[in-house]
């Protein structure tokens, strides 16, 4: 019960901090795009810091965060893996659900840092939107973060890897950095309780451009799932 109460207080201050930082940074971010990146980096580092002492959830980045024009294909278990990745890379942008454009604060900042909204209810159109959005001259250079399984996946659950990541890899000609995580062991998809421990996002070796799409998808799934299972086992979650 004490940990649940601490978690509730942590979540409350987390959203309050989002509002306060938005009020502080938005006038600057309207004028200069780099201020939007400063705002999201500040927020993510604040969440990591407060999680460490308010609920005992420490966090760690392993591997080398990419700084160039790359795709980051990441395991997605909860909001906290977004926080960790964004805190670690200089120019993060996401493939995001189109409806998130209308989310207060979050939606405006997402568009300001260059996120690509797509309608995921229409698979073929969504893939085309992703490719066109990424290739568009309006898109600023950065690290494009995509979740190959398309949604948050609870530890131990099995969800297929969607082909959109492979199409982006093939058509953009960009290198891909896989990323594994164990954050769902401590910060679940739903609910309030946040568990103490060490949440990790690990950037894995680059997959260079030029692979055939199906071979790329097979390698991506293998490395992300294998390393995520290892990180979850390290956190005490039963190995599959």
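In this note's numbering, the protein residues as written are 31 to 270. Virtual Cβ for every residue (Gly too), placed ideally from N, Cα, C. Everything numeric in this text was worked out from a predicted model, so none of it was measured.
Sequence-distant residues of the same chain with beta carbon closer than 6 Å to residue i, five excluded per side
i, result
"residue 225", "216"
"residue 95", "118, 119, 233"
"residue 97", "120"
"residue 137", "130, 131"
Simplified DSSP assignment, three categories, for residue i
i, result
"residue 89", "strand"
"residue 57", "helix"
"residue 181", "coil"
"residue 236", "coil"
"residue 251", "helix"
"residue 216", "coil"
"residue 227", "strand"
"residue 241", "coil"
"residue 206", "strand"
"residue 133", "coil"
Buried versus exposed call for residue i [16 or more other C-beta atoms within 10 Å across all chains shown]
i, result
"residue 63", "exposed"
"residue 223", "exposed"
"residue 134", "exposed"
"residue 124", "buried"
"residue 257", "buried"
Cβ shell of residue i (< 8 Å), same chain only, five flanking positions each side left out
i, result
"residue 249", "237, 241"
"residue 179", "105, 106, 189, 190, 191, 192"
"residue 55", "65, 66, 68, 69, 72"
"residue 92", "230, 231, 232, 233"
"residue 260", "210"
Rounded straight-line distance, which links the Cα of residue j to that of residue i
i, j, result
"residue 209", "residue 146", "20 Å"
"residue 144", "residue 78", "23 Å"
"residue 90", "residue 183", "20 Å"
"residue 187", "residue 115", "22 Å"
"residue 127", "residue 235", "28 Å"
"residue 57", "residue 49", "13 Å"
"residue 206", "residue 243", "12 Å"
Residues near residue i in its chain [Cβ-Cβ closer than 7 Å; skip 5 each side]
i, result
"residue 72", "51"
"residue 59", "65, 66, 69, 142"
Supposed close pair residue i, residue j - CB separation, criterion 8 Å
i, j, result
"residue 85", "residue 33", "7 Å"
"residue 173", "residue 122", "6 Å"
"residue 108", "residue 214", "5 Å"
"residue 262", "residue 185", "5 Å"
"residue 103", "residue 195", "5 Å"
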